[in-house]
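Peer 1: If you're matching positions, the sequence shown starts at 118 in the numbering used here and goes up one per residue.
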Amino acid sequence: MSTNTGTAKKGKLSGRGSNLALQAGILAGAGIVSRIIGLLYRSPLYQILGDEGNGYYGSAYAIYAMVIMIATYSIPTAVSKLVAGKIAMGQYKSARRIYYCTFIYVVIAGAVAALITYFGAEWFVSDQPNAVLSLKILAPTIFISGFLAIFRGYLQAYNTMVPTSISQIIEQLANAVVSIVAAYMLAKPFAAGTTEHAKYGSAGSAMGTGAGVLGGLIFILFAYARRRKGIMESVKNDTSPDTESYGKLFRIIIATVTPIVVAAVVYNVLTPIDMKVFYVVMKMKGMDSLEMAKLYGIYSGQYTVLTNLPLAIAASVGIAYIPGISGAYARNDMQKTNKLLNQALSMSMLVTIPCAVGMGVLAKPIIQLLFSGADPMAAKCMYLGFISIVFFAQSTVTNSVLQAMGKVMAPVINATLALVIHVVVLVVMLYCTDWALYALVFGSIVNSLLICIFNQRSLTKYKTGKMDNRRIYVAPTIASIFMGVVTIIVYEGCRKLLGNWVIAMFVAVFVAIIFYAVAILKAGGYTEEELLNMPKGGLIVRFAKKFRLIK
Numbered sequence: 118m119s120t121n122t123g124t125a126k127k128g129k130l131s132g133r134g135s136n137l138a139l140q141a142g143i144l145a146g147a148g149i150v151s152r153i154i155g156l157l158y159r160s161p162l163y164q165i166l167g168d169e170g171n172g173y174y175g176s177a178y179a180i181y182a183m184v185i186m187i188a189t190y191s192i193p194t195a196v197s198k199l200v201a202g203k204i205a206m207g208q209y210k211s212a213r214r215i216y217y218c219t220f221i222y223v224v225i226a227g228a229v230a231a232l233i234t235y236f237g238a239e240w241f242v243s244d245q246p247n248a249v250l251s252l253k254i255l256a257p258t259i260f261i262s263g264f265l266a267i268f269r270g271y272l273q274a275y276n277t278m279v280p281t282s283i284s285q286i287i288e289q290l291a292n293a294v295v296s297i298v299a300a301y302m303l304a305k306p307f308a309a310g311t312t313e314h315a316k317y318g319s320a321g322s323a324m325g326t327g328a329g330v331l332g333g334l335i336f337i338l339f340a341y342a343r344r345r346k347g348i349m350e351s352v353k354n355d356t357s358p359d360t361e362s363y364g365k366l367f368r369i370i371i372a373t374v375t376p377i378v379v380a381a382v383v384y385n386v387l388t389p390i391d392m393k394v395f396y397v398v399m400k401m402k403g404m405d406s407l408e409m410a411k412l413y414g415i416y417s418g419q420y421t422v423l424t425n426l427p428l429a430i431a432a433s434v435g436i437a438y439i440p441g442i443s444g445a446y447a448r449n450d451m452q453k454t455n456k457l458l459n460q461a462l463s464m465s466m467l468v469t470i471p472c473a474v475g476m477g478v479l480a481k482p483i484i485q486l487l488f489s490g491a492d493p494m495a496a497k498c499m500y501l502g503f504i505s506i507v508f509f510a511q512s513t514v515t516n517s518v519l520q521a522m523g524k525v526m527a528p529v530i531n532a533t534l535a536l537v538i539h540v541v542v543l544v545v546m547l548y549c550t551d552w553a554l555y556a557l558v559f560g561s562i563v564n565s566l567l568i569c570i571f572n573q574r575s576l577t578k579y580k581t582g583k584m585d586n587r588r589i590y591v592a593p594t595i596a597s598i599f600m601g602v603v604t605i606i607v608y609e610g611c612r613k614l615l616g617n618w619v620i621a622m623f624v625a626v627f628v629a630i631i632f633y634a635v636a637i638l639k640a641g642g643y644t645e646e647e648l649l650n651m652p653k654g655g656l657i658v659r660f661a662k663k664f665r666l667i668k
């Protein structure tokens, strides 16, 4: 009898783990699709804006991103964590009240942030006056994005990532279409290559960002409406006597949101601080504003865009696992908490490490394909900075894990310390060397590595069990290194043989994917059960068995 119960319990845990892996896979897949759409539309947009226009948009977007971090970015994480914890305890009324309280928070915080951004635009981008118009256009989006964040976080707490996934894709599609059309129409009256052309093209791109958020919000409202009846039935049937008051829940939300906001701001304030430091130091060294805008445009419009693509996977995995880790931790189930922690890190590194290596070795053809006519410095940036993708991915997931475990101050302390060291290093590099653009790249590596180390130290301190470092880090790294070597050989061989670098690149990517799949299955030593718990696990198992990669 006891054996059967244990088996049933194990099966139940396995099923939950499989579901979380599936949800993470769905969200990661949507994140990848969204980023790919973002990359594809960046190519025609780059032809309209040029490096100068990208510099203006990048300057405005850096401030917009920082403000939105403060105002609403933490809402999905906070709502998902708090609601999931209440659901795990069967307290559906309290979970619903948390949902209501977040509306008050978003209305106040979003409105204040949007107004400050709009009326303070001239001050925020004083180093680049031509970016003011773009920032003013982005300001209303800050308010709208808060409501999108609420519904995403609330539905994620019920372990359904599909609405968030689809809304992300819709958001990016609307962004792409409107950005290109609006940038073209606004820039058209001015001669290409002029500052006015770049300025108004950048403003059109900013309109696309707002249109994307609005499109995502409209979809997720429909998705929520379909699930509202079931949610309200759970609330109606909740007979728990300890439903918290609105006042208490609002204080809990503030207490939860505040450290997450601070962590997010410190973690993401890197971009606007880098921008300010770069402009100030380069101006001191005599560089004109046009040259600064072009260099920063390469960094923000090409290098950063490309390195952010794999990070969608890490962010999606972190978001998907927050409800599970938070719920397990709330039940004091340390075994389940540690299992999900290992699974989250493993899924992230399994994909981001080979992505980083692949983007590093194929940097030149990737840049040429996506940004025709781009400055060669963009590819050099990718050669130098691809490793930061791995570091940022690890720190992104560990941030989410630490927050889900209730250790919300750990990411704040870690990110703050890393930021201070990073700024000092960046100022020294910019002032004492002629690296300029490359100093920004090296600075991002320093920052990401430091956060990675500090977060890993925190997990070692707070973890509830042993981490499988071989599975998480060692196996993907070894497989990726060999994959990188094979990729270079195949690319160069096909390029010389066929005389076409585009075909050579796609052949090299295809071979790299197959090679890595085989290598990681061999190096990782995955069992059939573990593979089945991954997204598309059945397909992976059939592939592995066919080629005798697992027993």
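In this text, a Cβ means the ideal position worked out from N, Cα and C, and glycines have one as well.
Taking the alpha-carbon of Thr454 as reference, which of Ile185, Ile254, Tyr608 and Ala445 has the nearest alpha-carbon?
Peer 2: When only C-alpha atoms are compared, the closest one is Ala445.
Peer 1: For the ligand GDP, any of its heavy atoms closer than 6 Å to the Cβ of Asn449?
Peer 2: In the structure shown, the ligand GDP is absent, as is every other ligand, since no ligand is present at all.
Peer 1: Could you compute how far the alpha carbon of Arg269 sits from the alpha carbon of Ala308?
Peer 2: Taking the straight line joining both Cα atoms gives about 42 Å.
Peer 1: Quick check: what's the CA-CA separation for Val540 versus Val563?
Peer 2: Roughly 10 Å separates the two Cα atoms.
Peer 1: Give the straight-line distance between the Cα atoms of Lys203 and Ser565, rounded to the nearest whole angstrom.
Peer 2: Roughly 34 Å between the two C-alpha positions.
Peer 1: I'd like the list of long-range same chain contacts for Ala238, defined as Cβ closer than 6 Å, with 5 residues on each side in sequence excluded.
Peer 2: The answer, listed in chain order, is Val249, Leu252 and Lys253.
Peer 1: Using the Cβ count rule (16 or more neighbours within 10 Å means buried), how would you classify Ala629?
Peer 2: The residue is buried, with at least 16 neighbouring Cβ atoms inside 10 Å.
Peer 1: Please classify Lys198: is it buried, with 16 or more other beta-carbons within 10 angstroms of its beta-carbon, or exposed?
Peer 2: It is buried - the Cβ of Lys198 has at least 16 other Cβ atoms within 10 Å.
Peer 1: Look up Leu311 in the DSSP assignment and say whether it is helix, strand or coil.
Peer 2: The identity of residue 311 in the sequence shown is Thr, whereas the question assumes Leu. In this structure, Thr311 counts as coil in the three-state DSSP scheme.
Peer 1: May I have a chain-ordered list of the alpha helix (DSSP H) segments no shorter than 4 residues that lie completely inside the stretch 450-508?
Peer 2: Entirely contained in the stretch 450-508, the alpha helix (DSSP H) runs reaching 4 residues are, in chain order, 451-478, 480-487 and 493-502.
Peer 1: Taking only the alpha-carbon atoms, compute the straight-line gap between Tyr608 and Trp618 and give it to the nearest angstrom.
Peer 2: Their backbone Cα atoms lie some 8 Å apart in a straight line.
Peer 1: Quick check: the Cα distance between Val242 and Ala230, rounded to an integer number of angstroms?
Peer 2: The alpha-carbon atoms of Val242 and Ala230 are separated by roughly 16 Å.
Peer 1: Return the residue from the list Pro427, Arg665, Gly403 and Gln573 that minimises the CA-CA distance to Leu467.
Peer 2: With distances taken between Cα atoms, Leu467 lies closest to Pro427.
Peer 1: Using 8 Å as the cut-off, can you tell me whether the stretch 321-338 makes contact with the stretch 170-178, which would need three or more C-beta pairs spanning the two stretches below that distance?
Peer 2: Cβ pair count under 8 Å is three or more, so yes.
Peer 1: Please state whether the Cβ-Cβ distance between Gly227 and Ile287 is less than 7 Å.
Peer 2: No; because the gap between Cβ atoms is not below 7 Å, this pair is not in contact.
Peer 1: At what residues does the alpha helix (DSSP H) containing Lys524 begin and finish?
Peer 2: Element bounds for Lys524: n/a, residue is neither H nor E.
Peer 1: The alpha helix (DSSP H) spanning Ser243 covers which residue range?
Peer 2: Segment: none, Ser243 is in no alpha helix (DSSP H) and carries neither H nor E.
Peer 1: What is the rounded straight-line gap between the Cα of Ala342 and the Cα of Ile283?
Peer 2: Near 15 Å, if we compare the C-alpha coordinates of Ile283 and Ala342.
Peer 1: Which word fits Thr356, buried or exposed, when buried means at least 16 other C-beta atoms lie within 10 angstroms of its C-beta?
Peer 2: The residue is exposed, with fewer than 16 neighbouring Cβ atoms inside 10 Å.
Peer 1: Quick one: grab the DSSP three-state call for Asn354.
Peer 2: Residue state, collapsed to three classes: coil.
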